[in-house]
Structures are given as C-alpha cells and as structure tokens.
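Structure, as structure tokens:
Numbering (the working numbering), first residue to last: 141 to 381.
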C-alpha cells in the first residue's frame, strides 16, 4: 500500500497560530485483487431432518457456488451438523474445487440440530489455519433452532464475541421460517458478521455474493497509522476514521 500525507495549507507556519487539516490516505495497488491476503472461510451447514429435499439441495448448490467463486489462493473448511457433527472437508486450500463440490453433494440429512457443535467445530478449523494476515469468516447456516448442545443464547453470543476477539467473525443465515431469528441475529452482531434471512433457498447464492463480494477485494485489515507531531503542532480532533 502507498501512504499519502497532505496538508490543506502548505507550507505549515513555523511561528504563530493557525488551524490546518492533514489528509492521510492509503492507496492499494491497481492489481490489489491478485495480491490480497487469502480468505479463510468456514461453512457450518445444518443437515438436520427439516433440511431434507429442496432446502438441502439449494443450500449445497449455493455452497458450491461460493467454493467456485473463491480463488485458488483461498481456504475453506466445511462442517455439516445434525445430531452428529461431520467434517465434510478439513481446512484446505482451494486447489481442487471439483473435489470439494463433490464432497458437498455427498451430504446426507440427519435428525436433530446440534448448532453449537457444528459451529464450534468449524470455528476450530478456521482458527487452526497457519496463514498470517488472512481474513477469517464463518458462515452459520440453519433452518431451525438449536435442539442439542449449547442452547442458551447468552452462551452462544459469548462464543461469537470470544472468537471475534481472535479475528474470526461469524455471519448467521436463517433459512425458511422456523429458525430463532433473535438468536441468530445476536450471534451475528456479537460475532462481527451479518445476519440474513432467506425466505427461499434459491436466494442463497445472492446472499453469499453479497457477503463476500466486498471482502473478496480486501487488501488489508486492522490497519493502524501512527502520527507523531513535531513540537509546536498539536492534534485537535479526528474528522473521519
């Protein structure tokens, strides 16, 4: 990145008093898309019985769309959960997208909804990535309410907040009309992600694109700029951050 610094009034007076504005701007290279840090994406997919049929088919197609949209320098982990938690794809670099799509299409529905179990397993997979400066996000996708594992909304919020503190954000997507909107919304807010409601499973590809479209152009994150003023210059206020 290129750092640009520009005073509104230049030269700056060496004596007397005056107000001045300092513009600090970071510019990314024109080819930043090819240089951005890798994305580390975790998909936690509900495979409980209520997902059977069209919901599951559409969800798998949407997840396949996301896998194909990501670059071969990105990473993905896929966990499916019902009463059990199944590792569909351990965290891997997307060098063989066809193989991962085939694994997605092998998911079979189960019984109950162990939302916390699937979510935590996916968080662990994303957190384990030994990839510096990567953007890490988890997509929690469900059409129901947690019936097994951790069910207390306060505990679920704490999990989201704790992992956000470790630079892993969580986006929650509710499918259909049977999920706990309040719980999923609170998870996404505490987890620094977004909350989406999908009335029809066919909307999932659009949601994934909306979620990752801007992130896909990410060049840097959590950037800090430290400015030390020489004697005689005083900082007054920050106008934009």
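Beta carbons are placed, not taken as given, at the ideal position from N, Cα and C, and that holds for glycine.
Item, Value
"Which stretch, first to last residue, makes up the alpha helix (DSSP H) that contains residue 384?", "Nothing can be reported for residue 384, as the shown portion of the chain is limited to 141 through 381."
"Just verifying my parser: in three-state terms, what is the DSSP assignment at residue 257?", "helix"
"Leaving out five residues on either side along the sequence, give the residues of the same chain with a beta carbon under 6 Å from the beta carbon of residue 212.", "234, 235"
"Of the residues 218, 192, 241, 232, which one's Cα is nearest the Cα of residue 280?", "218"
"Which residue wins for smallest C-alpha separation from residue 167, given the options 159, 144, 176?", "144"
"Going by alpha carbons, who is nearest to residue 261 out of 366, 303, 248?", "303"
"Tell me which residue opens and which closes the beta strand (DSSP E) that residue 142 is part of.", "142 to 147"
"So, at 6 Å on beta carbons, what are the nonlocal neighbours of residue 184 in its own chain, with the 5 sequence-adjacent residues on each side left out?", "219, 258, 259, 262, 280"
"Under a Cβ-count criterion, where at least 16 other Cβ atoms within 10 Å of its own Cβ denotes burial, should residue 160 be classed as buried or exposed?", "exposed"
"Leaving aside the five residues before and after residue 316 along the sequence, list all residues of the same chain whose C-beta is less than 7 Å from its C-beta, in chain order.", "195, 283"
"Using only alpha-carbon positions, find the residue among 300, 266, 238 that is nearest to residue 227.", "266"
"Measuring straight from C-alpha to C-alpha, what distance separates residue 182 and residue 365?", "30 Å"
"Does the Cβ of residue 386 have 16 or more other Cβ atoms within 10 Å, making it buried, or fewer, making it exposed?", "One cannot answer for residue 386 here, as it falls past the ends of the chain, which runs 141 to 381."
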